[in-house]
Amino acid sequence: MAGLHKSDFANPVINWIDTRLPIFTMMKKEYGVFPTPKNFNYFWNFGALAMINLVIMIATGIFLAMNYTPHASMAFDSVERIMRDVNYGWLLRYVHANGASMFFIVVYIHICRGLYYGSYKAPRELLWMIGVVILLTMMAIAFMGYVLPWGQMSYWGATVITNLFSAIPIVGESVVSWLWGGFSVDNPTLNRFFSLHFLLPFVLVGVVFLHIAALHVTGSNNPLGIDVKTPQDTLPFHPYYTMKDSVGICVYLLVFATLVFFAPNLFMAAENYIPANPLVTPAEIVPEWYFLPFYAILRAVPSKLG
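Basically my numbering = 1-based index in the sequence shown + 30.
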């Protein structure tokens with residue numbers, strides 16, 4: 031029989047658990063004494079901010095899902111009920127809706143930092159690839175979430191974007207019909223998008239842990255772009271960078287709260303406060319701001335397949 035793991039934590043309860051299941055030792059190794067370059071600037075805070083944002087989105091999303099009705103004839107009214115009748119429902123919805131924009135702001139800055147400082151170079155190629163998977167998953171989750179309020183922009187945005195799959199040779203029309211669950215965007219589409227919007231964030235959490243695991247194998251890049259060679263070039267992650275991240279998180283939450291309480295509709299389309307009507311097309315159908323670069327590329331290319 032194997033001996034118990036030796037643990038040296040001061041707290042006897044933690045010590046007892048850790049000798050039998052060394053999760054605290056693992057946390058200390060990976061997030062406590064993990065060697066980190068000394069010269070990180072505040073751009074390295076955005077990974078932690080993205081993690082905080084993901085937790086906020088999942089927490090608020092679970093409570094919203096408890097009160098949302100994924101049915102074409104009731105979805106819009108259920109959102110209004112959340113806003114007007116559910117205790118603090120307005121706060122949950124505004125935090126969740128604006129959290130999507132804040133999430134993309136943080137992630138886009140995180141990506142730009144990686145591009146600027148060469149975080150995609152060897153030996154961190156796999157780390158970068160996993161990051162791209164995270165971005166694509168986020169985009170899918172955000173698109174499906176945008177459809178759920180079932181307003182005019184939600185409905186017609188879903189119609190336009192799903193129709194893009196019809197450009198795929200041979201199987202395009204079948205893929206679109208499969209996405210719709212019928213011959214147009216309707217109740218089956220809403221049900222599918224709601225189910226996937228609820229499920230995929232938990233898949234995203236798993237991919238994020240892979241991203242962190244890959245980071246801890248190669249170590250972090252730093253502003254100089256020169257990998258650290260000796261322990262003298264590093265600091266333990268805690269308390270140095272946990273404190274630095276805490277400062278960034280406080281500033282971020284202050285900005286987030288300002289947006290939620292003083293400009294909650296800043297990123298929301300006015301047309302989405304009109305119930306979905308398949309017979310009336312909005313004068314202008316545009317995606318959320320975080321999809322605009324990709325939307326501009328689509329509009330600039332005459333053929334859907336480029």
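Ideal placement from N, C-alpha and C gives every residue a C-beta, glycine not left out.
Look at the alpha carbon of I200 and the alpha carbon of V206, and state the distance between them as a whole number of angstroms.
Position 170 of the sequence shown, counting from 1, holds the residue named residue 200. Position 176 of the sequence shown, counting from 1, holds the residue named residue 206. About 12 Å.
Pull up the CB-CB distance for D366 and A89, whole angstroms please, since I reckon it's below 8 Å.
Past the boundaries of the shown model lies residue 366; the chain is included only from 31 to 336, so the question cannot be answered.
Measure the C-alpha to C-alpha separation of A306 and V125 and round it to an integer number of angstroms.
Against the sequence shown, residue 306 aligns to sequence position 276. Against the sequence shown, residue 125 aligns to sequence position 95. Whole-angstrom Cα-Cα distance: 23 Å.
Give the single residue among M169, E318, M81 whose Cα lies nearest to the Cα of I279.
Along the sequence shown, one-based indexing puts residue 279 at 249. For the residues M169, E318, M81, the minimum Cα distance to I279 belongs to M81.
Three-state secondary structure (DSSP) of T260
The residue you call residue 260 lines up with position 230 of the sequence shown. In the structure shown, T260 sits in coil (DSSP, three-state: anything other than H, G, I, E or B).
Roughly how many whole angstroms lie between the Cα atoms of N117 and V109?
The residue labelled residue 117 in the question sits at position 87 within the sequence shown. The residue labelled residue 109 in the question sits at position 79 within the sequence shown. So the alpha carbons of these two residues sit roughly 13 Å apart.
The alpha helix (DSSP H) enclosing P323, as first and last residue numbers:
Walking along the sequence shown from the start, residue 323 turns up at place 293. Taken as a continuous stretch (DSSP letters only), the alpha helix (DSSP H) holding P323 covers 322 to 330.
Within the stretch 33 to 94, ranges of the beta strand (DSSP E) (whole runs, at least 3 residues)
Segments of the beta strand (DSSP E) lying fully in the stretch 33 to 94: 65 to 67.
Buried versus exposed call for A340 [16 or more other C-beta atoms within 10 Å across all chains shown]:
Since the first residue shown for the chain is 31 and the last is 336, residue 340 is missing from the structure and cannot be characterised.
For A244, which of G161, A287, P294 has the nearest alpha-carbon?
For the purposes of this step, residue 244 is taken as residue 214 along the sequence shown, with counting starting at 1. Nearest option by C-alpha distance: G161.
Please state if the CB of N302 and the CB of G181 are separated by a distance shorter than 7 Å.
For the purposes of this step, residue 181 is identified with residue 151 of the sequence shown, where counting begins at 1. For the purposes of this step, residue 302 is identified with residue 272 of the sequence shown, where counting begins at 1. Yes.
Stretch-stretch touch, CB-based, cutoff 8 Å, three pairs: the stretch 210 to 223 with the stretch 238 to 254
Counting Cβ pairs under 8 Å, fewer than three are found: no touch.
Measure from the alpha carbon of N71 to the alpha carbon of each residue in L34, M104, R143, A105, then state which is nearest.
Within the sequence shown, numbered from 1, the residue matching residue 71 stands at position 41. Nearest C-alpha to N71: R143.
What number of angstroms, rounded off, separates the C-alpha of L327 from the C-alpha of I44?
As a working note, residue 327 is residue 297 in the sequence shown. As a working note, residue 44 is residue 14 in the sequence shown. For the sequence presented, residue 327 should be read as Ile rather than Leu. Taking the CA atoms as reference points, I327 sits about 54 Å from I44.
Taking DSSP as the reference, what is the three-state secondary structure of P305?
Taking the first residue of the sequence shown as position 1, residue 305 is located at position 275. P305 falls in the strand class under three-state DSSP.
Endpoints, alpha helix (DSSP H) assigned at S196:
Along the sequence shown, read from residue 1 onward, the residue named residue 196 stands at position 166. Taken as a continuous stretch (DSSP letters only), S196 belongs to no alpha helix (DSSP H), as it is neither H nor E.
Spatial distance of M31 from R50 (CA atoms)
Working through the sequence shown from its first residue, we reach residue 31 at position 1. Working through the sequence shown from its first residue, we reach residue 50 at position 20. Interpretation of M31 is limited by its pLDDT of 45, a score under 50 that renders its predicted location unreliable; no figure is taken from the coordinates.
Count the other C-beta atoms from every protein chain shown that fall within 10 angstroms of the C-beta of R123, then say buried if there are 16 or more, exposed otherwise.
Locating residue 123 in the sequence shown gives position 93, counting from the first residue. By the 10 Å Cβ count, R123 comes out buried.
Where G181 falls: helix, strand or coil (DSSP)
For the purposes of this step, residue 181 is taken as residue 151 along the sequence shown, with counting starting at 1. The answer is strand: DSSP assigns G181 an E or B state.
Alpha carbon of A172 to alpha carbon of L284, nearest angstrom
The residue given as residue 172 occupies position 142 in the sequence shown. The residue given as residue 284 occupies position 254 in the sequence shown. Going by the C-alpha atoms only, they are around 23 Å apart.
Opposing strand residues paired with P269 [DSSP bridges]:
Position 239 of the sequence shown, counting from 1, holds the residue named residue 269. According to DSSP, which records beta bridges pairwise, P269 is partnered with nothing at all.
Express the C-alpha separation of P294 and N83 in angstroms, rounding to a whole number.
Indexing the sequence shown from 1 puts residue 83 at position 53. Indexing the sequence shown from 1 puts residue 294 at position 264. Going by the C-alpha atoms only, they are around 17 Å apart.
Run through the stretch 93 to 144 for me and flag every whole alpha helix (DSSP H) of 4 or more residues, listed as ranges in chain order.
105 to 114
Residue burial classification, G91 (beta-carbon count within 10 angstroms, cutoff 16):
Taking the sequence shown and counting its residues from 1, the one referred to as residue 91 is at position 61. When all chains shown are included, G91 counts as buried.
Helix, strand or coil for A293? Go by DSSP, reduced to three states.
What you label residue 293 is simply residue 263 of the sequence shown in a count that begins at 1. The answer is coil: DSSP assigns A293 none of H, G, I, E or B.
Specify the secondary structure class of M169 as computed by DSSP and reduced to three states.
The residue you call residue 169 lines up with position 139 of the sequence shown. Of the three classes helix, strand and coil, the one that applies to M169 here is helix, per DSSP.
CA-to-CA distance, P42 to W158, given in whole angstroms
Numbered from its first residue, the sequence shown carries residue 158 at position 128. Numbered from its first residue, the sequence shown carries residue 42 at position 12. Rounded to whole angstroms, W158 to P42 spans 40 Å at the Cα level.
Is it the case that the Cβ atoms of L289 and N128 are separated by a distance below 7 Å?
What you label residue 289 is simply residue 259 of the sequence shown in a count that begins at 1. What you label residue 128 is simply residue 98 of the sequence shown in a count that begins at 1. In contact: L289 and N128 (Cβ atoms closer than 7 Å).
For V177, which option in N221, P153, V258, F267 has the closest C-alpha, if you only look at C-alpha atoms?
Against the sequence shown, residue 177 aligns to sequence position 147. The shortest C-alpha separation from V177 is found at N221.
Consult DSSP for V215 and reduce its assignment to one of helix, strand or coil.
Here residue 215 refers to the residue found at position 185 when the sequence shown is read from its first residue. Looking at V215 - three-state DSSP - the assignment turns out to be coil, as it is neither helix nor strand.
If G148 sits next to N251, beta carbons under 8 Å apart, how far is it from one beta carbon to the other, in whole angstroms?
For the purposes of this step, residue 148 is taken as residue 118 along the sequence shown, with counting starting at 1. For the purposes of this step, residue 251 is taken as residue 221 along the sequence shown, with counting starting at 1. Confirmed, about 7 Å.
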